Ligand code: ADP
Ligand code: ZN
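Residue numbers (my numbering): 5 to 209.
Okay, here's the thing in structure tokens:
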């Protein structure tokens, strides 16, 4: 953002696939605000417990302390009125209320920085990030590197057979892929998985 006068708030969205550097970029922006002695509050949803509970940790091990919220409205409950900058990571795990919460914060004069996935494992828009993009003043779309061919990657490739929208990523569950290498259909189950499913069905019958 260039010239901002008075205590006007605004919304910045940092989106892209997994491994594109969203958390790193969020941490970088929040650190700079802290260096400028601004009051910063950082939130992340409970669902993502990949690395640490009370921190945002990037894949490159950059970290910053964060408050955990189980519902979007908790952001407002936990808000210190003196806070000038609000950072939110993993927005795709928060409900659609995040759009009105972010708007409210920006209307109160706060700089809101939201990071999250813009597409899901099938390449579809992953709410609420697309809606946040439309109400934001600034949108940064980051790309990862395709692990197959080295091209810029906009997709999060799921490597397991689950068709659930949310499968929280353990190592090896997801990788970054470009549009050419992306395989939007869930991979076929392995022989072992097929046997397990067959066994389960037998015990049910
Ligand atoms: P995101 O929050 O978008 O998942 P992170 O900020 O946690 O991304 O991690 C970005 C870091 O991940 C990069 O700086 C790099 O060190 C590492 N990384 C691992 N795999 C890849 C990849 N395929 N493409 C780009 N960066 C990768
Ligand atoms: Zn590729």
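We put the CB at the ideal spot given by N, CA and C, even for glycine.
Here the structure is a predicted model, which means the values were calculated and not measured.
Nearest-angstrom beta carbon gap, residue j and residue i [assumed within contact, 8 Å]
| i | j | result |
| --- | --- | --- |
| residue 183 | residue 158 | 6 Å |
| residue 28 | residue 116 | Contact doesn't hold; Cβ gap of about 19 Å is too wide. |
| residue 109 | residue 90 | 5 Å |
| residue 81 | residue 45 | The pair is not a contact, with the Cβ atoms about 12 Å apart (cut-off 8 Å). |
Candidates the options: closest to residue i by CA position
| i | options | result |
| --- | --- | --- |
| residue 14 | 139, 44, 97 and 171 | 139 |
| residue 104 | 77, 38 and 113 | 77 |
| residue 112 | 86, 23 and 176 | 86 |
| residue 42 | 64, 11 and 26 | 11 |
| residue 132 | 143, 141 and 120 | 120 |
| residue 156 | 148, 109 and 66 | 148 |
| residue 1 | 18, 23, 22 and 7 | Missing from the structure shown is residue 1; the chain here goes from 5 to 209 and no further. |
| residue 94 | 82, 114, 107 and 122 | 122 |
| residue 65 | 75, 50, 114 and 32 | 32 |
Contact with chain B by residue i, beta-carbon distance below 7 Å
| i | result |
| --- | --- |
| residue 87 | The structure shown contains no chain B; it holds only a single protein chain. |
Bridge partners - residue i, DSSP secondary structure assignment
| i | result |
| --- | --- |
| residue 19 | 120 and 145 |
| residue 157 | 148 |
| residue 162 | 178 |
| residue 71 | 47 |
| residue 167 | DSSP output for residue 167 lists no bridge partner at all. |
| residue 61 | 67 |
Where residue i sits in the DSSP three-state scheme
| i | result |
| --- | --- |
| residue 43 | coil |
| residue 35 | helix |
| residue 172 | coil |
| residue 55 | Residue confidence for residue 55 is low, a pLDDT of 49 falling below 50, so the modelled location carries little weight and cannot support an answer. |
Q: Would you list, in sequence order, the uninterrupted beta strand (DSSP E) runs of no fewer than 3 residues that lie entirely inside the segment 80–154?
A: Qualifying beta strand (DSSP E) stretches, in chain order: 89–92, 115–120 and 142–145.
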